[in-house]
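Data block below; observations after.
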Amino acid sequence: VPGESSAGVAESGKGEDSASLGLHICAIAIALEVSVGKTNTVMALNNSNVLLPCTFTTCIGFQDLVFTWYFNSTEMVGGTLGSAFLAGPSVLPRLEFVGSTTKKDNNISIVLNGVEFSDAGKYTCHVKNPKEKNAQHNATIFLTVVHKMVETDNTVTVIIVSVVGGLIGLLILFMLIKRVVLFIIKKTQDGKAVGTGTGMSSGRALSVHAGRSVW
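In full-length UniProt numbering, the protein residues as written are 1 to 215.
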């Protein structure tokens, strides 16, 4: 039927437009994003194992996604993400790939075993997703290797907190004393007012009584 055919074409066109609009909004809102966590600086103790985290999120999923880890400008490890992780040969034999896609965020993190001072530097996690028109994104971690972890000296912080706490305590004590003193003064004034009023009433009564006696 011509009418039904036209309606079907129109509905199909609307569906395609809606899908295109959805993809466009998705691309603007999220697209491909790579993250190394809340901070991009990591400090590790010499000869310890350190995790260099990296996760990625996509709007419409991924297919044949390519990831690469760089140390400064040297490629360390890379591979493709499909149904499984296929890590390529690593420059560092102490490097361990610990990626997983079983959680909410797709994980392509690595672990450096027995870090050395020469491992300190910039580590870049790069991702390319062909399914999102070859969208690319990367995130960087700065690794510092130390001989000994320095304990943070909180002496100044403790002193400042103690002083501030003491001042607040004194202020509260002052306010309490002020309220007590004002309360005592008010009670004293009220007592005097009552005494004065009673004395005046007694004087008036005596005057009236004396006047009557004279007559």
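Even for Gly, the Cβ is constructed at its ideal location relative to N, Cα and C.
Close beta carbons around residue i, own chain, < 8 Å, minus the five adjacent residues each side
{"i": "G13", "result": "Annotation note: pLDDT 47 at G13 (below 50); position unreliable, no value reported."}
{"i": "T140", "result": "V36, N40, K122, Y123, T124, C125"}
Where residue i falls: helix, strand or coil (DSSP)
{"i": "V214", "result": "For V214, the predicted structure reports a pLDDT of 44, less than 50, and the residue's modelled location is therefore unreliable. The matter cannot be settled from this model."}
{"i": "S73", "result": "coil"}
{"i": "F67", "result": "strand"}
{"i": "I108", "result": "coil"}
{"i": "E132", "result": "helix"}
{"i": "T157", "result": "helix"}
{"i": "F117", "result": "helix"}
{"i": "L92", "result": "coil"}
{"i": "K192", "result": "helix"}
{"i": "F142", "result": "strand"}
{"i": "A29", "result": "Reliability fails at A29, whose pLDDT of 49 lies under 50, so the model's placement of it is uncertain and the value that follows must be treated cautiously. Helix."}
Residue i, enclosing beta strand (DSSP E) - first and last residue
{"i": "L95", "result": "95-97"}
{"i": "L51", "result": "50-52"}
{"i": "L45", "result": "41-45"}
{"i": "S35", "result": "33-35"}
{"i": "F56", "result": "55-57"}
Contacts around residue i, its chain only, beta-carbon distance under 7 Å, and the 5 residues preceding and following it disregarded
{"i": "G99", "result": "F85, N107, I108, S109"}
{"i": "K131", "result": "I60, G61, F62, Q63"}
Residue-chain proximity (residue i, chain D), Cβ-Cβ < 8 Å
{"i": "A120", "result": "Among the chains in the structure shown there is no chain D, since it carries only a single protein chain."}
Other residues of its chain near residue i: CB distance less than 6 Å, five sequence neighbours each side excluded
{"i": "F56", "result": "V34, N106, V127"}
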